Each structure stands twice: as structure tokens, then as C-alpha cells.
Amino acid sequence: MAAAWGRTRRGGGGGGGGGEVAESIYAVVALVLVLVACVELGDAAAAVDVYRLIQYDLAGAPLGSRLAALNHHAGAFPFAAGADLSRTAVIVPIRDLDLSFLRDYIANKRPLGGLLLLLPQKISDKLGGEQKNDDSGLVKKILVELEQLLIHAEIPYPVYFAFEDEKIEALLMDVRKGDSAGQPSTATTGGYKFIVSLPEPKKLSSPTISNIQGWLPGLKEEGDANQLPTIAIVANYDTFGAAPALSVGSDSNGSGVVALLEIARLFSRLYSNPKTRGKYNLLFGLTSGGPYNYNGTYKWLRSFDQRVRESIEYAICLNSIGSWNNESWNNELWIHVSKPPENPYIKQIYETFSDVAKDIGVSIGVKHKKINVSNPRVAWEHEQFSRFRVTAATLSELPVAPEFLESTGGLYDTRKSTDEKAIYRSVKLVAESIAKHIYGHEGRNIDIFADNSSLAVNPYYITSWLDLLSQTPRVAPFLSKNDPFIAALKKELSDHTVEVHVQHESLDGIFTFYDTTKATLNVYQVASVTFDLLFLLVLGSYLIILFSFLVITTRGLDDLINIFRRPPSRKAKAA
Amino acid sequence: MTVFHFFNCALLTFGPHAVYYSATPLSEYDTIGTSVKAALVYLGTALVKLVCLATFLKVSENDTFDPYQELLKVLIGFIDVAGLYFALTQLTHRNISQNHKFQAVGLGWAFADSVLHRLAPLWVGARGLEFTWEYIFQGLEANANLVMNLSLAALGSLMWLRKNKPRTLVPIIYACAVILATMPSITCYLRRALEWHTPKVVGFELVSSLVMALISWQLFSACQKPI
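As they're listed, the protein sequences go chains U and A.
For the first sequence, numbering that gives the first Met the number 0 begins at 0 and goes up steadily by one.
For the second sequence, numbering that gives the first Met the number 0 begins at 0 and goes up steadily by one.
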């Protein structure tokens, strides 16, 4: 109360004082307004995490989504035939996606404002049993096709992926309702507006690929001058997919990495005791650049000394061994080789593997694919070894060689589609086969890594590493040299092996990548300009009526004679 | 477009004050000084109210309706009436008729209230891309508030400035003034305890303000007659 008294006394005092007070108040108000104007608050109805379609140049040809910034009204299927969608951000769940529509749009280079693809959230956790299987099968088929379509096309508008949730579903319903009411949202009719404010994507300067290697040296007998033979176990760890921030590649090739780490752990226990140390060196290699014709493997092999390369008796490459344990893969693993199976080395590898496979109940086959040296395409990792004249084979669940940028750990390749039991059995198969070879137990029924023994394969180790890999997007150009993930792999490998070394190489020239893989999509519910115009009209008439009413009534109180005479003149003046 | 919307909402919120000033004889007699002073008194009153609210009221985590707290709020709300009393009786005005005085005070009071409570949210919110009805309702609320403040000021001037008024009307005047003074608490009650939605609350405010204005007007003209 005292404050009020004081303030009003001062305000009510001399005229000059009042003016000063008023001036200072104006100054403060102006300052506050300026401050408020500077603060732009994020007041969107919803902010959604979105993942951008990859943008890259392949030998100068622009591919992927060429734009990142989005500012358009939302629209959903179905559209009227021939509708102009060049200013519409189309939102569509993967499940309902009409691929032929999209293919048509891309092939004919028809413009869209933007595309927001909704991925099912943790593929139907809520749905039970059969429906789940049907659904996920369908989604997988669409996703695989969609991914190939998107990464091999040049798309001149922004394309984003997001996960479905209640917020987005409600939004989609609203958009659909608006569309079906015959009011597709445009600038004049309101609706929802999608905004991603991002600068233009920049080229990534010289992407690096990092190969990690570790050794388990064998026991060399004294006086033996010859170098010990080496067995190499190799897996590529990086991925490639339509959305780099979602390419976790649990199966391709997370499963191979997990298996390699577990095999390294098992053999490190054997090799830590001089009595069980074999007469073979073991070389473990985690290579990068797998999707790009195994460029990392090539660089890695090239960096070896000729003598080291010659000492490699054979190399086993692990690729996609995490989901063969079900019907769609026929419970079958394949050994892919590039020399004919009659070759004595290949024959020996295959026989050892199929022996062990029989023991643990896995069916295994051999596939031969010749290398065409003039073809730059390297479909399997072992082909890089073969080009350096090192005997090698790839263990994989894929029956045929994948095409370029296919099966490289894309959108569908998540933890859900990978089975740790399959990896467990693969680890057992590989470890047992190699051990048999090292200790010369071929043909004998000895179970070295028997379950429940101290050398048993550890399913928890496999699961925890698989979980970690399934949460880590690993597209090589977006993994920096000092990425914590690479450091983690290095540390894990150095726990089991010695002479661990990380080799940084640059990815060979034909690829250029662009940054910005993640963004935040702001969804605004907007009113149309027509609404605002109408509102202004109503408001104007309201104020005019109010004015006339007040003039009529109050002047009447003041001066009865002037009630009817003066209002018109006042009105004219005001107008 | 959004600046357009902001402009619309601001027009709805502050337009009626300007229209009222220019349409009524207030502008002819140059009563702006009185309005400004009333606005300053409002600022002081708001400060005192704020201090009282902060001192006596507990901060409730949820939006439930606590009768005891609300009663306290009503009592603190009467500080407004005290402020209005001060503005009507203590401020020195140049030769200004009672008619104009209460109007100028009520107008300044309502305008200061609107500026203090509605300008900042409007500036921050209505310029954004997101469209909500909130600011339109807020503008309507400002209209109702203007009418109520004018009515309260009219009743106040009857209570404190007019000495010879019909005795029978005195209780009615006081009852109406109490109702008007407790109006913020009533709307709060409707919002919280009965969980009315904003459109309904705003509609109620508009209707009740018009009714109260009509009653106050009748009372005012009834008191005017004997003179």
C-alpha cells in the first residue's frame, strides 16, 4: 500500500515530474519490448525427431535427398489425381506407402514439397502373434524396396523418416480428415505446417575409414626360424542405409562384429595359458568401408608387409550371421569362396566347417563365385583377400552376393530382426572349426568350447554387444576418427588381444557425403489468411458498432438535443 | 500472416478501450490525465497485491480449487477496490464531472490491467506460427473486463462520491459492488472447480459483465434523478 501511495503522490505532483516519470516508463517499456522481440520461443504444437535421407554424390552424380530445409503444409494420401503436390509435405506411414506412386514421382521427376515417411515404432509391440508376423513381413518388404529406390535416385526435395507415435498418429488423422473434407491444406485454408529449419547441407571433408586390428601370437618353438602361420578372422563393422542416423545394421554386420569379439575372447583364454597356446598366430580385423566395395579391407591388406600377408594361411570373413536361425533363411549358412571348391585349401576349410556344423546341427553349403578383376564391384569381403592371393572365405547367411549398397545394414536391419541364438551358434561353429584346425583335431569328436565349461560361448556377452551395436549408427563417413564407438571397439579388442592398432585411411574418391543426418521437425497448426481476413472484418464491424452505440448513448446523456444530430458527423470524422 | 493475427488480437484486446475513449465525451474534456493516473494507481495496487499474494498464499502444485486459499484470494482481491477508492476520491482532478471521472478512472484501470496481463503473452504467443483460439478468447475477456471495471468504478463513485442517494438503493449498490469485486474469483472457481472450458468461461464473463453493466447503469441513472 505504501508503495502505491508514494508512487501516486509522485505521479500526481508537478506536471514536469509526471512527464519525466512517463518518459522513463516509456523507455523501460520500449526496452522490454525490444528484449521480448529478440526471444523467439519454440512454441510448436509438436516437435518431432526426424532422420534425413542420405545425401551423397557417387562419381559426381548427385544422389539421395538434395535438400534439408522444409517449410510446407502437410498433406496425406489419398490425393486427387493430378493434384499439384509441389507445395505439400506428404506424410505417409510406411505400411500404407504406395511404392508405385513414389516410383512414378521419382522417375518422372515430379516435384513434391517434401516427404515424411513414418516408420513403425519398434515394429508393433502392441500387436500380438500372427498379425505381428504378417505386418512385419510386409513392412520389411516395403522397407527394403523403398531403401533401394531412395538411395539410387536423385530426389530434389527433403525426405525425412520419423517413428510413429500417438502424437504423430493424431496429427495424421487430422490431416486426413482435412483432406477428405475437400480442403487440402494450402496457404489459404490453414491446416498443419511442417517446418525444419536447417542450413543447406555441407560436404563432409574427406571421410575417414578406420580399421582396427589385434593379434593373438601363437607359441613358437625355440630354434624354429620359420614364421608361424596365421589365421585371420575379419568382419566389417560399418553400415550404409537410407537414413544414416538409423543405420544400425544389427545383422549386417553387427552380428559379424559380435561374433568376432566373442571368438577373440574365447581364443584369448586359450592362448593365455602356454599349454593351450596354439602354433598359429590369430589376426583379428574389424574393417570399415564394407558397403563401398570393401575399400577399408583393401587398404588394410595393402598396409601389411608382404611376408605377413604370405603367412596368412586362410582368412574367415564374417558377414550377416545373425538371423539365419528361422524359416525364411532355411536354417542355412553358406561359405562363399572365390576359388573353386576343389582347391585343397578351400576343401579343407569347408570340410572342417561342415564337420563341426554337423555336430551342432547346422546345415552349411559352399558357393563359388569367380572374381572378375576388371569389375570394380567387390561383393564379398574375402574377394579383397583373394585379389591379394590370400586364401579366404566368407561365412554368411546370404545365399547370393548382394548388389552394390544392398544388405549393408539399412532401415529394417534392427535388433528386432536379429536373433542372438543364431550368432551364438555361428560363434560356436567358427571357433570350434578354427580350434580343430589349430590343434589338429580334425575328424575327431572333441568339443573344445563345450557348453557349461570354462570355455563356453557366453550368450550374455553376445547379447550385450549386440544391443550396443543395435543402438549405434555406423555409417563410416559420419564416424569421426575419435568416435567413442571406435574407441570402444579398440578397447574391447585390446582386452583380448595384443598389438591392437587403429589404422585411419581416407575413403577412395568417388564418394562425397553431405552432413545433417538428424533434425527436429516442428509441426504448427496454422490458421489461413482467409480466416484472419474474416476475423479482421468481424472485428472492424464490432468496433464500428461499438463506437456508434457509445456515441449514441453517452452523448445522449450529456446533451439530449444532440443525440440524433451529432453521431453521423462524428462517424464521418472517424472514418 | 502471423503478424496479421497478432494485429487482429491486439485490436480486439485494446481496441475497445480506444473506441470508448474517443466515442464518449471523455475525449472532448481531455480526461487522459485522469486515466493515466488511474493506471499508475493500478500499477501500485498490483504491486501491493503481488506482495500480499506472495506472502499469504501457498503455491499449489496442482490446479485444484482450495476454498480456504480462494477465500484469501478474494480478500486480497479487495485491495483492488481499495485502489479504486483511492483513485476515485484522493486523486486531484481538474474540473471533471463525476460522470466523466468514474469513466476515466475505470478506463485507465481496465487498460492498465490489459497491458499488464495480456500484452506480453500476446506478443510472445500470437506472433508464432501456431494458431490457437487462446488469444481471441483473451481479447474477448479483455472486453468483458473493461465493462466490469467501468461498472465497478460507476458503483464506486456512487458509494463514495455521491452523498445524497436514495436510501433503498444503497444495499443493492453495495451488493453489486461486492459481486463485481469477486468476479475474478468466481471465474476462477468456474474454471477450476467446475472445470468449464475457456469458451464457456469467456461467454459467462461476457454475459455477466453486460448484465452487471446494465444494473449499474440503472442504479446510476436512478441516483441521478433527484438532482
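Ideal placement from N, C-alpha and C gives every residue a C-beta, glycine not left out.
Since the structure is predicted, the reported quantities are computational estimates derived from the model, not experimental observations.
Check                                                                                                                       : Outcome
Contact residues within the segment 529-547 of chain U, judged by C-beta distance below 9 Å to chain A                      : F530, D531, L532, F534, L535, L538, G539, Y541, L542, I543, L545, F546, S547
Simplified DSSP assignment, three categories, for A:W132                                                                    : coil
Validate contact between the segment 79-99 of chain U and the segment 49-63 of chain U using beta carbons, cut 8 Å, 3 pairs : no
The segment 156-170 of chain U touching the segment 112-119 of chain U, judged by at least three CB pairs closer than 8 Å   : yes
Residue range of the beta strand (DSSP E) that includes U:D412                                                              : Unbroken run through U:D412: none, as it is neither H nor E.
Three-pair Cβ contact test at 8 Å for the segment 332-349 of chain U versus the segment 258-271 of chain U                  : no
Beta-carbon neighbours of A:N7, restricted to chain U and to distances below 9 Å                                            : D531, F534, L535, L538
Coil, strand or helix - U:A611 by DSSP                                                                                      : Residue 611 of chain U is absent from the model: chain U starts at 0 and stops at 574.
Exposure of U:K108, with buried meaning 16 or more beta-carbon neighbours within 10 Å                                       : exposed
Closest by C-alpha distance to U:N444, when choosing among U:A455, U:D358, U:L532                                           : U:D358
Ranges of the beta strand (DSSP E) found wholly within the segment 485-543 of chain U, counting only runs of at least 3     : 497-505, 510-512, 517-525
Chain A residues whose Cβ lies nearer than 9 Å to that of U:L519                                                            : The amino acid occupying residue 519 of chain U in the given sequence is Thr; Leu does not appear at that position. Result: empty, since nearest Cβ-Cβ is about 14 Å, beyond 9 Å.
Residue range of the alpha helix (DSSP H) that includes A:A176                                                              : 169-180
Nonlocal neighbours in the same chain, by C-beta distance under 6 Å from U:R388, ignoring five residues either side         : none
Euclidean distance between Cα positions of U:E578 and U:L410                                                                : With chain U covering 0 to 574 only, the question about residue 578 of chain U has no answer from this structure.
Cutoff 8 Å; reference A:V146; Cβ partners in own chain excluding five residues on either side                               : S208, L209, M211, A212
4-residue-minimum alpha helix (DSSP H) runs that sit fully inside the segment 92-124 of chain U, ordered along the chain    : 98-106
Neighbourhood of U:K435 by C-beta, 6 Å cutoff - its chain only, sequence neighbours within 5 removed                        : T351, E441
CB contact check: U:V49 to chain A, cutoff 7 Å                                                                              : no
Stretch pair the segment 395-409 of chain U + the segment 336-344 of chain U: three plus CB contacts closer than 8 Å        : no
Option nearest A:L52 by Cα separation, candidates A:K36, A:L74, A:A37                                                       : A:L74
Between the CA atoms of U:V429 and U:Q575 - distance to the nearest angstrom                                                : Residue 575 of chain U lies beyond the range of chain U shown here (0 to 574); nothing can be said about it.
Complete runs of the beta strand (DSSP E) confined to the segment 421-472 of chain U [at least 3 residues]                  : none
According to DSSP, residues forming a beta bridge with U:G597                                                               : Residue 597 of chain U is absent from the model: chain U starts at 0 and stops at 574.
A:H116, DSSP secondary structure in three states                                                                            : helix
Residues of its chain near U:G321, where Cβ-Cβ distance is below 6 Å and the 5 sequence neighbours each way are ignored     : D250, S254, T417, A421, I422
Residues bridged to U:G74 [DSSP beta-bridge criterion]                                                                      : U:V89
Whole-number beta carbon distance between U:P157 and U:L69, since they are thought to touch under 8 Å                       : 5 Å
Per-residue DSSP class, three states only, for U:D56                                                                        : strand
Limits of the unbroken beta strand (DSSP E) element including U:R51                                                         : 45-51
Neighbour flag for U:A526 against chain A, beta carbons, 7 Å                                                                : yes
DSSP state of U:K357 mapped onto helix, strand, coil                                                                        : helix
Exposure label - A:W132; buried when at least 16 CB within 10 Å                                                             : exposed
Contacts of U:T553 in chain A (Cβ-Cβ under 8 Å)                                                                             : A22, T23, P24
Separation of U:S196 from U:S99, as counted between CA atoms                                                                : 30 Å
Beta-ladder partner(s) of U:A231, from DSSP                                                                                 : U:L282, U:A314
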